[in-house]
Structure formats: structure tokens, C-alpha cells
Amino acid sequence: MLETDICILGAGPGGATAALHLANAGQPCLLLDRATFPRDKICGDALSGKVINELRRIDAALPARLAASAVQVPCWGISFFAPNGRPVEVPFRAHYNPAAEPAPGHVAKRLDFDNLLIEQVRQRPEIDFREGVEVARHERLPDGRWQLFAADGTVVATPRLLLIANGAQSAQARQIGGHVLEPAHHSAGLRTYYQGVNGMHPHGFIELHFLKEFLPGYLWIFPLPNGQANVGVGMRTDKVSAKKINLRARLDEILTTHPSFKDRFAQAQRLGPVRGMGLPLGSKRRSLSGAGYLLLGDAGSLIDPFTGEGISHAMVSGRHAADWAARAVQAQNFSADFLKGYDAAVYNRLWQELRLSRAMQRLLAYPWLFNFVANRAVRNPTLAQTLTNMFLDLDLREQLRRPGFYLKMMLGK
Numbered sequence: 054m055l056e057t058d059i060c061i062l063g064a065g066p067g068g069a070t071a072a073l074h075l076a077n078a079g080q081p082c083l084l085l086d087r088a089t090f091p092r093d094k095i096c097g098d099a100l101s102g103k104v105i106n107e108l109r110r111i112d113a114a115l116p117a118r119l120a121a122s123a124v125q126v127p128c129w130g131i132s133f134f135a136p137n138g139r140p141v142e143v144p145f146r147a148h149y150n151p152a153a154e155p156a157p158g159h160v161a162k163r164l165d166f167d168n169l170l171i172e173q174v175r176q177r178p179e180i181d182f183r184e185g186v187e188v189a190r191h192e193r194l195p196d197g198r199w200q201l202f203a204a205d206g207t208v209v210a211t212p213r214l215l216l217i218a219n220g221a222q223s224a225q226a227r228q229i230g231g232h233v234l235e236p237a238h239h240s241a242g243l244r245t246y247y248q249g250v251n252g253m254h255p256h257g258f259i260e261l262h263f264l265k266e267f268l269p270g271y272l273w274i275f276p277l278p279n280g281q282a283n284v285g286v287g288m289r290t291d292k293v294s295a296k297k298i299n300l301r302a303r304l305d306e307i308l309t310t311h312p313s314f315k316d317r318f319a320q321a322q323r324l325g326p327v328r329g330m331g332l333p334l335g336s337k338r339r340s341l342s343g344a345g346y347l348l349l350g351d352a353g354s355l356i357d358p359f360t361g362e363g364i365s366h367a368m369v370s371g372r373h374a375a376d377w378a379a380r381a382v383q384a385q386n387f388s389a390d391f392l393k394g395y396d397a398a399v400y401n402r403l404w405q406e407l408r409l410s411r412a413m414q415r416l417l418a419y420p421w422l423f424n425f426v427a428n429r430a431v432r433n434p435t436l437a438q439t440l441t442n443m444f445l446d447l448d449l450r451e452q453l454r455r456p457g458f459y460l461k462m463m464l465g466k
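If you want it as C-alpha cells, here you go:
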């Protein structure tokens with residue numbers, strides 16, 4: 054049994070980021086994960102500019118280390134496809150030279166990206182990292198500590214503060230944080246890997262296809278090393294139920310019969326099974342803390358409701374969780390009132406972007422309107438850049454406060 058001030062449940066991007074920031078601050082912590090790394094994680098595998106900036110905040114050398122790795126492909130932009138098939142190709146930079154500058158984004162399997170962070174974790178003596186440890190049950194002791202139990206009933210640890218970063222299916226997020234599945238704020242997703250998909254962009258643009266069959270949601274194709282691609286689909290859970298859609302069957306049908314995909318996938322080989330995932334969306338503001346705990350990443354329902362991106366938001370929440378965990382230890386104050394500062398910090402950084410993404414998600418309910426926006430974005434740099442900024446670490450809050458921003462969008466300038 055370990056008595057510790059801070060215990061982090063889950064060593065994915067949110068938990069690992071929190072642990073590394075705590076280590077940088079000289080604050081010891083216990084990091085637990087039920088898996089043994091490297092391990093796979095169902096995901097789209099895209100690493101946006103926001104992810105790169107969060108890596109830089111952990112260690113200035115990490116972005117270059119990722120860029121030099123063979124496990125990633127550089128990504129220079131996004132290709133959006135409206136329901137009418139109209140493409141909106143938006144590079145992350147207006148003028149870019151792949152041969153002479155670092156890429157603003159990457160795509161890498163979560164198996165490899167998460168392990169990149171875990172390799173950093175293993176090097177830090179401040180982090181007591183324990184793999185293959187599943188917390189099956191928890192109790193709150195009279196003195197305010199948590200008591201964490203393994204499946205066999207043994208006590209794993211008794212921390213003062215629990216950082217819950219163990220994903221979308223977290224029992225602790227439900228039982229401690231009170232987060233429940235709300236179909237209107239949740240997405241069902243599928244992911245598989247292919248070899249030999251034709252027509253991939255030469256500069257690693259990721260593809261988002263907003264097909265009528267999957268609205269409100271999209272089909273994605275993301276390039277990976279060695280000629281592979283991450284292919285998947287996500288759709289809001291309430292719409293899946295209402296439309297009685299079998300996502301697996303529909304994905305197979307689209308890839309083999311739809312004019313946009315049948316030739317591209319004719320000779321492609323599927324690598325492994327189609328795997329499902331649930332995505333709790335940040336389209337609703339929820340409490341992220343309480344007495345003795347903080348919720349991070351997917352466990353905090355922080356996934357972008359339009360783009361489906363969760364990695365960068367997990368890392369942002371991990372950074373702020375480390376900050377407030379260290380403050381709590383220093384003040385010896387683990388109360389709900391004190392830890393509300395964490396909620397404020399996370400939502401101060403993410404809420405405006407989440408609100409904008411929620412508005413874009415609602416737009417998907419009206420394909421004709423989304424077609425109009427896509428057609429306008431082709432000749433409207435402001436709107437095109439807004440779509441792209443959802444994937445980058447550009448703070449939209451200042452723009453959203455300015456009336457001129459909306460005027461430019463309306464006038465097509």
C-alpha cells in the first residue's frame with residue numbers, strides 16, 4: 054500500500070502529461086495504468102498543432118523528437134469534403150515548404166505516440182509509474198484520503214488527491230465525478246487500419262468527409278507511415294439510435310460502393326478488425342473537480358464535438374491538473390472549493406473553442422447549409438481559417454470577441 058499525495062489513474066496523454074509537469078515542478082506522484090505499455094488505443098491518430106505545443110511545454114526537445122521518428126508522417130493541412138462532395142483544402146500555413154520547415158502537425162498511431170510520452174515518464178524518478186494495475190474499487194476515508202483497491206481486494210494506494218485520467222469508460226468518472234453518458238453529447242466511433250489506399254495527399258493532409266449518411270458526424274482518412282491509413286467514422290450517439298444505423302455495415306458499404314471511395318479502396322487491404330469507441334463530447338459544460346479529485350481528458354468529457362479531437366484537450370487538462378494538484382499539496386487544501394480553480398483554468402482555455410465546435414456540429418444537421426458554408430469557405434479565407442484553427446493551437450477567443458470577425462464571415466472576405 055502506498056500513501057501518496059497525488060495518484061493519477063491512467064497513463065494516456067492526459068495522465069502522462071500531468072505526471073511529467075508534476076515532475077518538472079519537483080512534485081512526486083503515483084501513476085497507475087491497467088495496461089502494460091506499449092498498448093493500442095482506439096483513436097483517429099491525428100496530432101494537431103495543439104498537441105505539438107503541449108509537447109513543447111513538457112520538454113522543448115519533444116516536438117523535434119517526434120518529427121524525427123519513423124512512427125509518424127508529417128501533416129500540412131486538412132481536406133474538408135462537404136455533403137455535396139465539394140472539397141475545401143486548407144493548409145495549416147498559407148505558404149509552406151515541407152522540405153525546409155517542420156510540419157505543424159503529424160499522424161501517428163496511439164500505440165506509438167502514447168509510448169513516446171511513457172518513455173519520458175520512465176526517465177523521471179519523481180514519477181512512481183506502475184503498469185498492469187487496475188483499480189477495481191475505491192472508498193473515501195474519514196480523513197479525506199482515497200483508498201484504492203485492486204480486483205483481489207488488496208489496497209493499492211491511499212492518495213490525498215486523485216487525478217482521474219483513465220478514459221471515456223472510466224468507472225471513477227461516473228462514480229466519483231458524476232459524468233453519465235448523454236447520447237446528445239456523446240459520439241459512437243469506429244476505427245480500422247488499411248494498407249494501400251489510393252489518392253492520399255502528397256503532403257499528408259488529413260481528410261474529413263461529411264457524408265449525408267453519417268451526419269452529424271464524418272468519415273475520416275488519415276495517412277500513416279509505410280503506406281497505411283487510419284480510416285474511421287464517428288456519429289452522434291442519439292442520431293445513431295434515432296436513424297437505426299449500423300455503423301459497421303454502413304462503413305463497409307460506403308467504402309465499397311460510394312463514388313468517392315470505391316476506386317480508392319478497390320485494391321486496399323484492411324489490417325485487422327474494425328474496433329469501436331465511445332467519445333464523451335465537450336458540447337456541454339460539466340464539473341471537472343470535487344473534493345479530492347480532478348477529471349482529465351476523455352474522463353472529463355472534453356472531446357471536441359466537431360472535430361472529435363481528444364488528445365490535445367487531454368494534454369491541456371493534464372497540464373492544468375498538474376498545476377492545481379501542486380497548489381493543493383502546497384496549501385494542503387483538497388476541498389471542492391479550492392479545486393474549482395482547475396475547472397476555471399481548463400474552460401478558460403477550451404470553452405470558446407468547444408462552443409464554436411458545438412455550433413459547427415449543429416450545422417451538420419442541415420446539409421444544404423453546410424454545403425453553403427463549404428462553398429463560401431473556398432473563397433472566404435476567414436471561414437476557411439476558422440475551420441482549420443479548430444485543429445491548431447490558435448486562441449480563438451480574441452477573434453470571437455470582435456464583431457469584425459463575424460462581418461468578414463458574412464461578407465465572404
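Throughout, this note's numbering is defined as the position within the sequence shown, counted from one, plus 53. Note that beta-carbon positions come from the ideal geometry of N, C-alpha and C, so glycine has one too. All values derive from a computational prediction rather than experimental measurement.
Pull up the distance between the alpha-carbon of residue i and that of residue j, whole angstroms please.
i, j, result
"residue 272", "residue 57", "44 Å"
"residue 182", "residue 66", "14 Å"
"residue 125", "residue 163", "10 Å"
"residue 81", "residue 427", "49 Å"
"residue 177", "residue 70", "12 Å"
"residue 203", "residue 187", "6 Å"
"residue 143", "residue 195", "56 Å"
"residue 74", "residue 375", "6 Å"
"residue 412", "residue 205", "47 Å"
"residue 357", "residue 333", "9 Å"
"residue 149", "residue 429", "23 Å"
"residue 179", "residue 317", "49 Å"
"residue 237", "residue 131", "26 Å"
Out of the options, which has the shortest C-alpha to C-alpha gap to residue i?
i, options, result
"residue 122", "277, 235 and 225", "277"
"residue 311", "95, 88, 97 and 137", "137"
"residue 404", "370, 385 and 424", "370"
"residue 382", "344, 205, 213 and 267", "213"
"residue 250", "91, 304, 397 and 281", "281"
"residue 363", "82, 80 and 95", "95"
"residue 189", "219, 73 and 71", "219"
"residue 243", "329, 269, 307 and 200", "329"
"residue 157", "198, 170, 99 and 133", "99"
"residue 41", "223, 285 and 104", "With the chain represented from 54 up to 466, any question about residue 41 goes unanswered, as that position is not in the structure."
"residue 517", "286, 425, 68 and 348", "The chain is shown from 54 up to 466; residue 517 falls before or after that span and cannot be answered."
"residue 292", "274, 265, 305 and 284", "265"
"residue 120", "290, 326 and 161", "161"
Return the bridge partner residues of residue i from the DSSP annotation.
i, result
"residue 199", "193"
"residue 15", "Given a span of 54 to 466 for the chain in the structure shown, any question on residue 15 remains unanswerable."
"residue 273", "261 and 285"
"residue 134", "140 and 262"
"residue 241", "288 and 331"
"residue 278", "Its beta-bridge partners do not exist; DSSP assigns none."
"residue 159", "100 and 127"
"residue 56", "211"
"residue 268", "For residue 268, which the question treats as bridged, DSSP gives no partner whatsoever."
"residue 416", "Looking at the DSSP assignment, residue 416 forms no beta bridge with any residue, so it has no partner."
"residue 217", "62 and 348"
So for residue i, helix, strand or coil by DSSP?
i, result
"residue 283", "strand"
"residue 246", "strand"
"residue 116", "helix"
"residue 368", "helix"
"residue 342", "strand"
"residue 357", "coil"
"residue 16", "In the structure displayed, the chain extends from 54 to 466; residue 16 sits before or after that span and is not available."
"residue 349", "coil"
"residue 22", "The first residue shown for the chain is 54 and the last is 466, placing residue 22 beyond what the model contains."
"residue 229", "coil"
"residue 105", "helix"
"residue 235", "coil"
"residue 424", "helix"
"residue 168", "helix"
"residue 176", "coil"
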